[in-house]
């Protein structure tokens, strides 16, 4: 399963920038829409309140004492002046605090709510949503005190407005907000794509430079114009290539040395075999000479392999901790048959001796000492 880092760097940058930006812009769009809608509703609510106050100014009290009655004469132009256009209609209802209708539309349900704690309005005002003849309306309620010779009275003034204009304006606000945010998102996406394209250009140039190299070219990468963020990667790559170049040079040198050192023993061996085949020397003498030549060639090959192994281990760092006593006992067991063949009496006493070294080099050192 591919990890997230196996994705294209350009795609990773684009997703890492555009996705959070898109989420932020979506949240910002919703917030802007709600704020604009709240501002529009507040403005329309103030218009409703102004119309209710204008109706309150037309109230009068006729009669004295128990015969006192509220009277109002509301012309249609009083509300028409507050209607924004013909898509919105206003109705009103003026009632006593006991619910008795004084004037207006009886279809508008009587307000049964509770006044808030003044809020942003100095008067006793409330706003709520209701319906008139199955049509949604927004209602403003004003408790209007009315003075008369017999004292102070209180009436409830309700002014309702249909929601067509508000809904139309809300849709316009939503469309305008979406258009502006979409345009902004497109501009941001274009800028991000261009910036990411330009930022990843050095990576593509470096890749093209490496692909164009001939096979076996392990020279250090020369890219002085790379961004600082890519410099550690190039330096690490150059170090790896330098180590690899050193290993290849050691391998080539080993092959040259091996071909040079083994050429002489092999030539001597061939002459000895040919001499034995012609009968120039006795068979047993020829076999002894051939055996000696093979032993010398074997020793030479082992020495060259050991030298190559040492060169390889020199490239490694931080060797592990090993017990020299344990290594000595193991090598002694390996050489026991040779000791028995030489009829040697050998005894080894060891104590723990931890040493930090390469295990193979430690074993070869002990083997050479015991072999000698």
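Residue numbers (our numbering): 107 to 478. Just so it is clear, CB atoms sit at the ideal spot from N, CA and C, and this is done for glycine as well.
Alpha-carbon spacing of residue 361 relative to residue 353, whole angstroms: Taking the chain shown and counting its residues from 1, the one referred to as residue 361 is at position 255. Taking the chain shown and counting its residues from 1, the one referred to as residue 353 is at position 247. One C-alpha to the other measures close to 12 angstroms.
Contact under 8 angstroms by Cβ, residue 473 with residue 454: Working through the chain shown from its first residue, we reach residue 473 at position 367. Working through the chain shown from its first residue, we reach residue 454 at position 348. No. Outside cutoff.
Test item: CB-CB of residue 430 and residue 461 under 8 angstroms: By 1-based counting over the chain shown, the position of residue 430 is 324. By 1-based counting over the chain shown, the position of residue 461 is 355. Yes.
Contacts around residue 379, its chain only, beta-carbon distance under 7 angstroms, and the 5 residues preceding and following it disregarded: Taking the first residue of the chain shown as 1, we reach residue 379 at position 273. Within the same chain, residue 379 has close Cβ partners 396.
Assigned secondary structure, residue 111 (DSSP; H/G/I helix, E/B strand, else coil): One-based indexing of the chain shown puts residue 111 at position 5. Here the model assigns residue 111 a pLDDT of 49, short of 50, so the residue's position is not dependable and the matter cannot be decided.
Residue 233, buried or exposed, once every other Cβ within 10 Å from all chains shown has been counted against 16: For this step, residue 233 is matched to residue 127 along the chain shown. By the neighbour-count definition (other C-beta atoms within 10 Å, threshold 16), residue 233 is a buried residue.
Start and end residues, alpha helix (DSSP H) containing residue 454: If you number the chain shown from 1, residue 454 lands on position 348. From DSSP, residue 454 is part of no alpha helix (DSSP H); its letter is neither H nor E.
Cα-Cα separation, residue 480 to residue 198: Within the shown structure, residues of the chain are numbered from 107 to 478, placing residue 480 beyond reach of any answer.
Which of helix, strand or coil DSSP assigns to residue 341: Along the chain shown, read from residue 1 onward, the residue named residue 341 stands at position 235. Note: residue 341 maps to helix in three-state DSSP.
Check whether residue 414 and residue 368 have beta carbons under 8 angstroms apart: On the chain shown, residue 414 is found 308 positions in, with the first residue counted as 1. On the chain shown, residue 368 is found 262 positions in, with the first residue counted as 1. Going by C-beta atoms, residue 414 is not nearer than 8 angstroms to residue 368.
Euclidean distance between Cα positions of residue 322 and residue 299: Position 216 of the chain shown holds residue 322. Position 193 of the chain shown holds residue 299. Note on geometry: alpha-carbon atoms of residue 322 and residue 299 lie some 37 angstroms from one another.
Residues that residue 196 bridges to, as DSSP identifies them: For the purposes of this step, residue 196 is identified with residue 90 of the chain shown, where counting begins at 1. DSSP, once it has assigned bridges, lists 267 as partnering residue 196.
Exposed unless 16 or more other CB atoms sit within 10 angstroms - verdict on residue 161: For the purposes of this step, residue 161 is taken as the residue at position 55 of the chain shown. Only buried fits residue 161, as 16 or more other CB atoms lie within 10 angstroms of its CB.
8 angstroms Cβ cutoff met for residue 231 and residue 155: If you number the chain shown from 1, residue 231 lands on position 125. If you number the chain shown from 1, residue 155 lands on position 49. Cβ distance < 8 angstroms, so residue 231 and residue 155 count as in contact.
Cβ-Cβ distance between residue 244 and residue 269 below 8 angstroms: For the purposes of this step, residue 244 is identified with residue 138 of the chain shown, where counting begins at 1. For the purposes of this step, residue 269 is identified with residue 163 of the chain shown, where counting begins at 1. It is a contact, given that the beta carbons lie within the stated cut-off.
Stretch-stretch touch, CB-based, cutoff 8 angstroms, three pairs: the segment 303-320 with the segment 272-289: Between the segment 303-320 and the segment 272-289 there are fewer than three inter-stretch CB-CB distances shorter than 8 angstroms, so the stretches are not counted as touching.
Reduced DSSP secondary structure (H/G/I, E/B, other) of residue 250: Counting from one through the chain shown, the residue named residue 250 turns up at place 144. Annotated three-state conformation of residue 250 is strand, per DSSP.
Cβ contact (3+ pairs, closer than 8 angstroms) linking the segment 142-150 and the segment 263-280: Touching, per the Cβ criterion.
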